[in-house]
Structures are given as structure tokens and as C-alpha cells.
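Working notes, structure below.
Residue numbers (the working numbering), protein chains in the order written: chain A, 3 to 273; chain B, 3 to 273.
Here it is, written out as C-alpha cells:
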């Protein structure tokens with residue numbers, strides 16, 4: 003039964019989704035890339051264009067019934083993905099290669115399905131993820147190329163990149179990221195803000211700085227707040243001592259500013 | 003006198019531009035890059051966003067009076083420029099480096115002034131150009147990266163690239179490009195359609211095909227019609243014999259289709 007499966011995988015069932023059908027339910031995992039510039043993030047919001055809504059719409063069109071599409075996590079408004087992972091359950095027996103092609107035909111060019119495969123019925127893209135990697139891309143030259151303005155944070159001011167490169171690995175390990183969590187109420191109140199970061203590093207290529215971070219999970223705005231903090235380190239406004247205090251998780255201490263979403267890319271999700 | 007200078011350089015004077023002022027008139031040459039996706043081309047059109055209109059608006063704001071900005075040539079709606087050249091006359095004594103910065107502050111991020119310099123009073127970016135280079139970029143893989151969809155012509159169908167590479171140099175030399183001119187009436191009727199092409203070649207990088215052409219001048223839609231014809235050669239719909247007929251300039255013979263503007267870049271203008 004569709005309703006039972008939806009409950010088992012922690013998804014809300016959608017009205018109309020319980021129609022009895024003899025075809026077996028298949029669990030589909032898709033890898034997708036998107037330009038988040040013109041979307042209000044991953045998660046469905048009434049009346050606003052979101053990635054999840056666009057993907058659910060085309061899967062529903064293929065299935066002929068409403069389908070809940072679950073992502074590995076939310077990305078904020080304006081954030082991009084090189085390889086986000088999502089999953090949904092389908093009765094339509096369409097081969098996965100044809101499904102990928104049909105989805106790309108129906109989706110706007112800003113969202114592309116890179117791969118589609120059949121997976122275990124219990125696969126859950128958020129709960130089963132063991133690591134995620136993000137990149138935050140900063141462009142330092144005075145003039146930002148117009149063709150990349152949507153995909154870079156333009157910061158044409160002095161930065162001590164050595165200080166940033168020194169500071170980045172301090173985030174590795176298990177820390178209480180309270181100081182790096184979004185201050186709005188949408189964040190899970192009362193829940194632990196301890197997260198494990200597996201790697202955290204800065205790379206420079208000419209006028210470009212790329213901050214790359216791989217971790218078990220991230221709080222809302224966490225990567226953008228870390229990137230903003232690393233820029234503060236590059237401005238020599240804070241050093242190792244101040245960063246150590248920030249990583250203690252004292253509720254009263256706030257990290258650097260949340261930098262703009264356009265520089266942020268979800269690079270991949272590991273299972 | 004402003005009016006006299008404007009006449010001498012073949013520009014129409016603008017209302018209000020003749021205000022007497024003791025400061026000498028300077029001729030400014032700017033090199034600019036733009037993402038043409040959201041513009042209706044270079045040339046001013048009433049009620050539509052164009053590059054020329056956007057640049058004239060910011061120069062007028064800096065000058066405190068209307069200023070005519072002349073380009074090296076029109077680019078069509080949706081066509082991009084890595085390095086377009088334009089010129090205008092200014093009484094404001096602002097240093098050119100500050101002028102460039104002020105223009106970039108006022109312009110939308112889709113248009114960037116890469117360089118500004120003072121030039122000879124008689125400099126005319128269209129009449130003085132000796133060569134222009136364009137690139138037409140084709141992407142062949144099945145899935146077009148969402149971050150490049152505005153800057154590539156996505157053509158995920160079989161192409162014989164060797165045939166295209168063979169055909170491209172046939173355009174070199176002086177030819178009557180009647181078969182490659184836009185068929186609409188906006189093209190200069192009755193004028194010669196003979197143009198000189200200095201180089202014309204195809205390069206391949208993995209899933210990308212780049213057609214690069216350098217010539218003394220181009221008719222409306224000419225590069226896109228050549229690119230469309232090269233794609234027809236790649237589809238093995240026409241060969242050297244048919245191309246030779248097209249390059250004879252018979253009015254009744256039409257070249258391949260005009261391919262979409264998003265793959266086209268004005269790469270540079272030589273003086």
C-alpha cells in the first residue's frame with residue numbers, strides 16, 4: 003500500500019496518492035544539478051518557485067498522480083547544486099534512463115537530472131546520507147565577469163588568504179556550531195547543534211578563493227556563516243583565539259556575517 | 003562646439019547636449035563585456051532594455067547631460083560580448099579609471115566596463131574597426147550544465163565534426179554573403195553583401211565545439227547563419243559543392259538556419 007510505505011519512509015502522503023494499483027512501487031534515486039538563482043531554495047513554499055515543487059510537478063506528470071520527492075536536505079534561496087540527491091516512489095514502470103530523459107524534457111533548463119536509478123525501497127536521501135560536501139566560491143578581482151556573477155561571491159577587497167587557509171582546518175572535528183547557526187526561529191530549537199566536519203580547507207586559483215567543506219551534516223546557514231567568518235579572518239578581524247571561542251558553542255557569541263547564497267554550491271552527497 | 007563635433011563624427015546630437023561649457027570635450031573609448039541574455043541586443047529600441055540604452059543612461063548620469071554612446075556594431079538580442087568597444091564624448095574631466103569604476107557602480111552586473119581610455123577626438127568605433135572576432139559555442143552532451151545554459155547552443159545530436167572542420171575554412175576570403183544575410187528588411191537593401199573573412203575554423207574540446215571567425219565586417223545574422231550551415235555540414239546534409247554554391251551569392255539560395263543567439267559571443271574588435 004502506498005500510504006503504508008510513505009509512513010514507513012517518514013514521508014507525508016499526498017492527497018490522491020493512495021489510488022490502488024496492481025503495479026509494484028519502485029524507489030527511485032535521482033542526482034540533480036541546479037542553478038538556484040531564480041528559485042526560493044529546495045523546499046516547497048506556497049506560491050513561490052522552488053526546486054522541490056518543480057521536480058514534484060514533473061514526476062507527478064509522469065506518474066499521473068501526486069508524488070512526494072524528498073531531498074538530501076534543503077538548500078536556501080539562491081544556492082546552487084552540482085549534485086543534489088533526491089528520491090521518490092513510483093508505480094510507473096518506465097526504465098530509469100527514459101525517466102531521466104522525460105524529466106529533463108519537462109523541467110526548466112535551470113534544473114537537470116544527471117542520473118536516475120532504482121534503489122532500495124527504504125532508501126531515504128536525508129537520513130541515509132553519511133557526508134555532504136559544499137563549496138563557497140569567492141572572486142577577488144575588481145571586475146566580476148558578467149557570465150559568472152550568479153555563481154560567485156564578488157569580494158574585491160584586501161584579504162589575507164594565508165590567514166583564511168590557516169583558519170579553515172580549525173573547523174574540522176566535532177564542534178558545537180551554535181554560533182554558526184541561523185538566528186531565525188526556523189532552526190530546530192532545543193536540538194543539538196553539534197556537527198562533525200571531516201575536512202575544511204581553502205584553495206586559491208588566481209583571483210578565486212574556494213572554501214570546501216565536507217561534513218556529516220550542516221545547520222541552516224552554517225556553511226555561509228563559516229565562509230563569512232573565514233572572510234573576517236582574511237580581513238584580520240579575528241584569529242585562532244577568537245575562532246576557538248566561537249567553536250565552543252556559547253549561545254551569546256555570534257560568528258561572521260552570513261555571506262550571499264550565490265557563491266554556495268552543494269557539491270555532492272555520499273551514502 | 004559639441005554640435006559640430008557630433009556632426010563631424012557622424013553622430014546625431016541629442017536634445018540638451020549643446021549646453022555651452024568651458025571644459026574641453028574628451029573622446030572616451032570603453033571596452034565592455036556583457037551577458038546579452040536579458041537584453042534586446044545592443045541598439046536602443048523604445049521601451050525595451052538594450053545594452054546601448056543602459057550604457058547611455060549611466061554616462062548621462064555621470065556627465066549630467068545626454069550623451070550618445072556609439073558601439074563597434076550591433077549585437078542581436080541574446081548575443082554576448084567578451085570585449086565590445088564603444089565610444090562617447092564627455093566634458094566631465096573625471097580620470098578614466100574613476101570613470102570605469104563609476105560606470106561599473108551604476109551599471110547592472112550583466113554589463114561590465116573592462117577598460118576606459120581617452121582616445122583621438124575623431125575615433126569612431128564602427129568606422130575605424132579593422133577586424134572583429136566572433137565565437138559560436140555548441141555543447142553536444144545529452145545534459146547541458148544549468149550554469150552554462152545561457153552561454154551555449156545545446157545540440158545533443160550526432161555531428162560529423164570532421165566535416166564541420168573541413169567546411170569552416172571555405173568561408174575564408176572575400177565572398178558575396180547574400181545567402182547568409184538576414185532575410186528581414188532591416189538589412190541595408192541594395193548595399194553590397196561582399197565581406198572579407200580573415201579566418202574561419204572549428205575547434206573541439208570534449209563535448210564542446212567552438213566556431214571562431216575573424217573578419218572585416220559581418221552582415222546581420224551572418225555568423226549565426228554560417229554556424230547553422232556548419233551544423234548542416236556536420237549533419238552531412240551539405241558538402242563542399244553546396245557550400246561553394248552558397249558562397250557565390252545567388253539571391254535565390256539560402257544558407258542553413260539561423261542558430262540561437264545564446265551561443266554567440268563577440269570576442270573582440272581590432273583597430
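Note that CB positions come from ideal geometry on N, CA and C, so glycine has one too.
Everything numeric in this text was worked out from a predicted model, so none of it was measured.
Same chain, Cβ closer than 6 Å to residue i, five either side skipped, listed in chain order
i	result
residue 57 of chain B	71
residue 271 of chain A	74, 87, 131 and 134
residue 151 of chain B	none
residue 174 of chain A	199 and 202
residue 172 of chain A	245
residue 184 of chain B	222 and 223
residue 143 of chain B	209
Burial state of residue i, where buried means 16 or more other Cβ atoms lie within 10 Å
i	result
residue 254 of chain A	exposed
residue 10 of chain B	Any reading at residue 10 of chain B must be qualified, since the residue scores a pLDDT of 41, below 50, and its modelled position is unreliable; no value is offered.
residue 228 of chain A	buried
residue 33 of chain B	buried
residue 63 of chain A	exposed
residue 25 of chain B	exposed
residue 264 of chain B	buried
residue 95 of chain A	exposed
residue 215 of chain B	buried
residue 207 of chain A	exposed
residue 107 of chain A	exposed
Length of the line joining the Cα atoms of residue i and residue j
i	j	result
residue 147 of chain A	residue 114 of chain B	7 Å
residue 20 of chain B	residue 182 of chain B	With a pLDDT of only 49 at residue 20 of chain B, under the threshold of 50, the placement of this residue in the model should not be trusted; the figure read from the coordinates follows. Between residue 20 of chain B and residue 182 of chain B, the C-alpha separation is close to 42 Å.
residue 13 of chain A	residue 100 of chain A	Here residue 13 of chain A scores only 49 on pLDDT, less than 50, and its place in the model should not be relied on; the value that follows carries that caveat. Answer to the nearest angstrom: the Cα atoms are 26 Å apart.
residue 248 of chain A	residue 157 of chain A	24 Å
residue 234 of chain A	residue 105 of chain B	29 Å
residue 54 of chain B	residue 110 of chain B	13 Å
residue 167 of chain A	residue 203 of chain A	6 Å
residue 268 of chain B	residue 77 of chain B	8 Å
residue 199 of chain A	residue 222 of chain A	15 Å
residue 145 of chain A	residue 42 of chain A	27 Å
residue 161 of chain B	residue 236 of chain B	5 Å
residue 127 of chain B	residue 273 of chain B	8 Å
residue 224 of chain A	residue 193 of chain A	15 Å
residue 35 of chain A	residue 240 of chain A	35 Å
residue 85 of chain A	residue 244 of chain B	45 Å
residue 59 of chain A	residue 49 of chain A	14 Å
residue 159 of chain A	residue 44 of chain A	32 Å
residue 46 of chain A	residue 149 of chain A	29 Å
residue 103 of chain A	residue 226 of chain B	28 Å
residue 210 of chain B	residue 140 of chain B	6 Å
residue 242 of chain A	residue 220 of chain A	22 Å
residue 238 of chain A	residue 266 of chain A	23 Å
8 Å Cβ shell around residue i - same chain, five flanking residues per side excluded
i	result
residue 196 of chain B	176, 177, 178, 179 and 251
residue 230 of chain B	257, 258, 259, 260 and 261
residue 30 of chain B	89, 90, 91, 92, 98, 101, 118, 119, 120 and 121
residue 232 of chain B	166, 169, 170, 204, 213 and 258
residue 65 of chain B	92, 93 and 94
Reference residue i; option with closest CA among the options
i	options	result
residue 164 of chain B	B/205, B/223 and B/33	B/205
residue 38 of chain A	A/160, A/82, A/240 and A/108	A/82
residue 130 of chain A	A/50, A/218 and A/142	A/218
residue 51 of chain A	A/80, A/68, A/125 and A/223	A/80
residue 154 of chain B	B/137, B/95 and B/223	B/137
Where residue i meets chain C, residues with beta-carbon distance less than 9 Å
i	result
residue 159 of chain A	Absent from the structure is chain C; the protein chains it does hold are A and B.
Residues near residue i by beta carbon distance below 7 Å, same chain, minus five either side
i	result
residue 125 of chain A	29, 31 and 89
residue 112 of chain B	36, 37 and 40
residue 116 of chain A	33, 34, 35 and 85
> What runs of the beta strand (DSSP E), each 3 residues or longer, lie entirely inside the region 116-202 of chain A?
Replying inline: You should have 133-141 and 175-178.
> Could you give the uninterrupted runs of the alpha helix (DSSP H) lying entirely in the region 35-113 of chain A, keeping only those of 4 residues or more?
Replying inline: 53-65 and 98-108, all fully within the region 35-113 of chain A.
>> Going residue by residue through the region 196-256 of chain A, where are the continuous beta strand (DSSP E) segments of at least 3 residues, counting only ones entirely within it?
In response: Those beta strand (DSSP E) runs which fall completely within the region 196-256 of chain A and span 3+ residues are 196-207 and 210-217.
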